[in-house]
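Chemist: After the structure tokens below, expect a handful of questions from me.
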Amino acid sequence: MICIKLGDSTIEYSSDFRFYITTKLRNPHYLPETSVKVTLVNFMITPAGLEDQLLGIVVAREKPELEEQKNNLLLQGAENK
């Protein structure tokens, strides 16, 4: 039996249970006790990042060989570091 403590209560829960919390805060602050028990995911994207992603999608559809060449160059650059 797996249990979770909520306030003063101990409650049984399934190992398949997932709990997601979202916020509109740009840079939320969590206590260290909370931060070590959760996985924080930042879904914020910059306009430049969105532009790069959309351009990659368009190029991959219209000129897949160029997108493949770009990916190969990125891999080579990473290997040379």
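Using the numbering used here, read the sequence shown as starting at 1156 and increasing by one per residue.
The C-beta atom is built at its ideal place from N, Cα and C for all residues, glycine as well.
1. Beta-carbon separation of Lys1225 and Val1213 under 9 Å?
2. Which runs of the alpha helix (DSSP H) at least 4 residues long sit entirely within the segment 1181 to 1211? Give them in chain order.
3. In the DSSP assignment, what residue or residues form a beta bridge with Ser1164?
4. Please report the straight-line C-alpha distance between Leu1186 and Ile1157, rounded to a whole angstrom.
5. Specify, as a first and last residue, the run of the alpha helix (DSSP H) that Asn1226 falls within.
6. Cα separation between Leu1205 and Thr1189?
Modeler: Taking the definition as stated:
1. In this structure, Val1213 does not lie closer than 9 Å to Lys1225 by Cβ.
2. When DSSP assignments are scanned along the segment 1181 to 1211, the uninterrupted stretches of alpha helix (DSSP H) that are 4 or more residues long and fall wholly within it turn out to be 1187 to 1190.
3. Paired residues: Leu1161.
4. Counting only the Cα atoms, Ile1157 lies some 25 Å from Leu1186.
5. Segment 1219 to 1234, the alpha helix (DSSP H) holding Asn1226.
6. A direct Cα-Cα distance of roughly 30 Å separates Leu1205 from Thr1189.
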